[in-house]
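Trainee: Structure below; questions to follow.
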Amino acid sequence: MKIKYFLFSISLIVFLVTCNSTQKLNNNNNEEPVVIANDSLEYEIIIIDPGFNLYLNSVARPKGFYSQNYLENKNQFFVAAWNYRANNPLQFNPSIYENVIEYDNNVDYGYDVNYKLFNYFLFAQQKYRMQLR
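The sequence shown begins at 1 in UniProt numbering and counts up one residue at a time.
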């Protein structure tokens, strides 16, 4: 059963280099990727994981529930744990941790980016029954 879930592996690509974002989100199909992008600012996050749109729209706390500072602090912690696992494919499933996340703690990515990244980490922990520590 786990292998079945891993076949629907995630692809999380993060190229974050600035603040402010433009969101491109197709709410018509919960299987569509969540994309946060701004071509002129040269960063993009693409989250391809079945069920994440549904989670984001129905389970996640609403925008504004958490402060941006809280989200940044949590994301800093989650990114470090995620990257450790992505860099150790013999110890952790490389089908889940396909990519390292480039997240600079000194850059203000804005609320939207931090909100969606934080919620992806919560979603992934629940879906794949893992704890990012």
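Ideal Cβ positions, reconstructed from N, Cα and C, are used throughout, including at glycine.
Excluding the 5 residues flanking Leu-132 on each side, which residues of the same chain have their C-beta closer than 7 Å to its C-beta?
Mentor: Counting from 1 along the sequence shown, the entry for residue 132 is found at position 132. Here the set comprises Phe-78, Ala-81, Trp-82, Phe-121, Gln-125.
Trainee: Work out the CA separation of Asp-108 and Tyr-128 for me, nearest whole Å.
Mentor: Locating residue 128 in the sequence shown gives position 128, where the first residue counts as 1. Locating residue 108 in the sequence shown gives position 108, where the first residue counts as 1. Taking the straight line from one Cα to the other gives about 29 Å.
Trainee: Contact between the segment 69–76 and the segment 94–107 is defined here as three or more beta-carbon pairs at a separation below 8 Å; is this criterion met?
Mentor: Taking 8 Å as the limit for Cβ pairs, the verdict is that the segment 94–107 does touch the segment 69–76.
Trainee: Return helix, strand or coil for Arg-85, following the three-state DSSP convention.
Mentor: For the purposes of this step, residue 85 is taken as the residue at position 85 of the sequence shown. The answer is helix: DSSP assigns Arg-85 an H, G or I state.
Trainee: Determine the contact status of Phe-52 and Phe-118, defining contact as a CB-CB distance below 7 Å.
Mentor: The count along the sequence shown starts at 1 and reaches residue 52 at position 52. The count along the sequence shown starts at 1 and reaches residue 118 at position 118. Not closer than 7 Å, so no.
Trainee: So what does DSSP say about Gln-126, is it helix, strand or coil?
Mentor: Counted from its first residue, the sequence shown places residue 126 at position 126. Here Gln-126 sits in helix by DSSP.
Trainee: Considering Tyr-55, what are the terminal residues of the alpha helix (DSSP H) in which it resides?
Mentor: The residue labelled residue 55 in the question sits at position 55 within the sequence shown. Where Tyr-55 is concerned, the enclosing alpha helix (DSSP H) stretches over 52–58.
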